[in-house]
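Using this note's numbering, the letters of the sequence shown map in sequence onto residues 123 to 513.
Beta carbons: idealized from backbone N, C-alpha and C, even for Gly.
These numbers come from a predicted model, not from an experiment.
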Amino acid sequence: MKAVICEESARLCRQVYRERLRAVVLAGSLARDEGTFVETERGRRLLGDAELLLVFDDGTTPPPAADLALIGEQIEARLRRRGLRAEIALSAVGRAYLRRLPPSIFAYELRASGEAVDGEASVLGLIPKFAAADIPREDAWRMLANRLVEQLGSTDELLEDRAILSPEAHYRTVKLYLDMTTSLLVFAGAYAPTYMERADNLARLAKWSGTTTWPFPLAPFAEYVAAATRWKLSGGTLVTKARRLFWERAIDHAEALWHWELGRLTGRDRDDSPSALMSLWMGRQPWSGRVRGWAHVVRARGWHRSWPLWPRWLRQASLGSPRHLVYRAASTLVFELRATAGQRRQVSDLRRLADDLPLATWQGRRASDSIAGLAGAVLANYKSLVMETRA
Numbered sequence: 123m124k125a126v127i128c129e130e131s132a133r134l135c136r137q138v139y140r141e142r143l144r145a146v147v148l149a150g151s152l153a154r155d156e157g158t159f160v161e162t163e164r165g166r167r168l169l170g171d172a173e174l175l176l177v178f179d180d181g182t183t184p185p186p187a188a189d190l191a192l193i194g195e196q197i198e199a200r201l202r203r204r205g206l207r208a209e210i211a212l213s214a215v216g217r218a219y220l221r222r223l224p225p226s227i228f229a230y231e232l233r234a235s236g237e238a239v240d241g242e243a244s245v246l247g248l249i250p251k252f253a254a255a256d257i258p259r260e261d262a263w264r265m266l267a268n269r270l271v272e273q274l275g276s277t278d279e280l281l282e283d284r285a286i287l288s289p290e291a292h293y294r295t296v297k298l299y300l301d302m303t304t305s306l307l308v309f310a311g312a313y314a315p316t317y318m319e320r321a322d323n324l325a326r327l328a329k330w331s332g333t334t335t336w337p338f339p340l341a342p343f344a345e346y347v348a349a350a351t352r353w354k355l356s357g358g359t360l361v362t363k364a365r366r367l368f369w370e371r372a373i374d375h376a377e378a379l380w381h382w383e384l385g386r387l388t389g390r391d392r393d394d395s396p397s398a399l400m401s402l403w404m405g406r407q408p409w410s411g412r413v414r415g416w417a418h419v420v421r422a423r424g425w426h427r428s429w430p431l432w433p434r435w436l437r438q439a440s441l442g443s444p445r446h447l448v449y450r451a452a453s454t455l456v457f458e459l460r461a462t463a464g465q466r467r468q469v470s471d472l473r474r475l476a477d478d479l480p481l482a483t484w485q486g487r488r489a490s491d492s493i494a495g496l497a498g499a500v501l502a503n504y505k506s507l508v509m510e511t512r513a
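Structure below.
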């Protein structure tokens with residue numbers, strides 16, 4: 123199935139861009155042969171997406187995102203005709219992008235496991251070499267934050283307090299367990315680039331944890347991660363009977379890890395609340411990083427169209443970057459969704475989170491109108507203003 127995805131993607135991208143295209147690079151879990159394919163009534167399906175980088179020469183104007191989205195849809199249509207359903211995520215980069223990649227989980231895995239499926243086979247050699255120990259802790263914390271944001275895709279069913287998770291919610295929870303492990307291992311100095319290696323390293327940490335203070339007992343957590351890893355790598359069928367307790371337990375672990383990592387990033391005692399640690403961490407971000415983040419927001423929304431929002435954004439810049447404001451709203455909301463309906467805070471108590479989002483409306487609705495509206499707005503801000511930048 124991986125070969126079919128690579129074949130159709132490379133063929134169409136080459137047809138469109140011809141000699142301008144230097145290489146098509148497969149990234150992510152599919153490149154590591156860790157993608158999850160399941161059987162459905164409509165044929166085989168890839169859970170998650172297939173990430174592909176289109177590499178162009180420096181100085182070549184990269185194709186706009188709208189064009190890439192259209193090409194991705196055409197690849198998906200070709201795959202459906204071959205009995206395979208998969209989401210295709212295309213990104214266009216120059217060779218200089220690869221040469222300038224700073225140490226990160228993404229860069230490490232791209233260099234170690236990325237696959238040039240068309241064009242220049244040696245293109246990934248442009249990525250600077252670095253050791254796993256060079257990956258910044260903040261990058262690992264960001265990975266945890268990204269998985270928490272993704273949990274908001276399950277908001278409607280979580281608000282209904284359903285006893286059984288949808289297959290989509292189950293998969294998001296599995297991904298959360300796997301990348302909680304990734305994040306924890308970076309902090310512990312035991313990171314590895316594949317899911318199986320990470321599960322093994324976590325099991326060893328649980329056995330020889332010594333006097334290190336962990337966010338939770340490692341032995342049972344390692345068992346949950348091992349089970350999630352086995353399912354992720356074996357695939358087969360969608361899980362339709364996972365109980366909500368599976369998600370709640372994962373969020374318990376995520377909140378403890380969130381608190382623990384923020385404590386280490388800030389150097390503060392764990393007696394501080396997660397919200398206090400988050401505010402402290404946001405306040406320590408250099409202004410250069412905030413400016414890059416807000417400049418991306420202005421470009422993404424358009425200089426002329428966005429000027430009425432500039433006073434709002436100037437106020438928000440004093441609080442932190444767009445990324446950190448979105449992360450704060452997402453983490454607070456996800457941990458709130460774990461509570462039962464009678465225990466959740468009123469929408470008015472969550473209004474501050476909506477006020478601090480760069481974009482306060484979503485599909486014509488105010489983010490502060492409801493918990494579901496706030497969740498939708500957080501996801502919209504994340505996808506349009508955070509995912510495409512490292513600022």
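Supposed contact pair L455 and L496 - C-beta distance, whole angstroms, cut 8 angstroms: 6 angstroms
Is the distance from the Cβ of L96 to the Cβ of E130 below 9 angstroms? In the structure as shown, the chain starts at 123 and stops at 513, and residue 96 therefore has no counterpart that could be examined.
Grab me the residues of L501's own chain with a C-beta within less than 6 angstroms of its C-beta, minus the 5 sequence neighbours each way, in chain order. L274
How many Å lie between M302 and A350 at the Cα? 12 angstroms
Could you check what DSSP says for I227 in three-state terms: helix, strand or coil? helix
Candidates Y139, L232 and Y346: which alpha carbon is nearest P186's? Y139
So, under 8 angstroms CB-CB, L399 and R390 are touching, yes? Tell me the CB distance rounded to an integer number of Å. 6 angstroms
Within the same chain, show all residues whose beta-carbon is closer than 7 angstroms to that of Y346, passing over the 5 residues directly before and after it, in chain order. Y299
For T362, I'd like the list of residues in its chain whose CB is within less than 7 angstroms of its CB, leaving aside the five on either flank, ordered along the chain. P289
Going by CA-CA distance only, name the one from W369, L266 and S244 that's closest to D64. Residue 64 is absent from the structure shown; the chain starts at 123 and stops at 513.
Residue nearest to R207 in terms of C-alpha spacing, selected from Q196, R217, I257 and G385: Q196
Using only alpha-carbon positions, find the residue among E272, L246 and L402 that is nearest to Y230. L246
What are the boundary residues of the alpha helix (DSSP H) that includes F92? Missing from the structure shown is residue 92; the chain here goes from 123 to 513 and no further.
The alpha helix (DSSP H) that contains T362, what's its start and end? Here T362 belongs to no alpha helix (DSSP H), and DSSP marks it neither H nor E.
Test item: CB-CB of L169 and Y313 under 9 angstroms: no
Please go through the same chain and pick out, in chain order, the residues whose beta-carbon is closer than 8 angstroms to the beta-carbon of V126, but skip the five residues on each side of it. L201, R204 and L206
Roughly how many whole angstroms lie between the Cα atoms of L475 and A451? 5 angstroms
Span of the beta strand (DSSP E) holding I210? L206 to G216
On the DSSP bridge assignment, give the partners of V177 in chain order. A145 and V215
Per the DSSP calculation, A238 is bridged to which residue(s)? V147
Determine the DSSP secondary structure at E279, reduced to helix, strand or coil. helix
Within 10 angstroms of the Cβ of R412, are there 16 or more other Cβ atoms? Answer buried if so, exposed if not. buried
In angstroms, rounded to a whole number, what distance separates the CA positions of I493 and S453? 13 angstroms
When you compare only the Cα positions, how much space is there between L280 and A243? 45 angstroms
Simplified DSSP state of R434, which is helix, strand or coil: helix
Integer Cβ distance of R217 from R144, believed to fall under 8 angstroms: 7 angstroms
How many angstroms separate the CA atom of N323 from the CA atom of E156? 17 angstroms
Report the rounded CA-to-CA distance for G194 versus L212, giving the unit in angstroms. 7 angstroms
Closer than 6 angstroms by C-beta to T511: which residues in its own chain qualify, once you throw out the five before and the five after it? Chain order, please. H418
At which residues does the beta strand (DSSP E) containing T295 begin and terminate? No beta strand (DSSP E) contains T295, which is instead part of the alpha helix (DSSP H) from P289 to A310.
Assumed close pair G442, Q407 - CB separation to whole angstroms, cut-off 8 angstroms: 6 angstroms
Look at the alpha carbon of L232 and the alpha carbon of A253, and state the distance between them as a whole number of angstroms. 13 angstroms
Can you check which of these residues, A132, A325, L472 and W382, is closest to V239 by C-alpha distance? A132
With distances taken Cα to Cα, identify the nearest neighbour of L340 among A325, R473 and D491. A325
Classify D334 as helix, strand or coil using the three-state DSSP reduction. Inspection of the sequence shows that residue 334 is occupied by Thr rather than by Asp. Here T334 sits in coil by DSSP.
Can you list, in chain order, the residues of its chain whose CB lies under 7 angstroms from that of A214, leaving out five sequence neighbours each side? L176, F178, P184, P185 and L190
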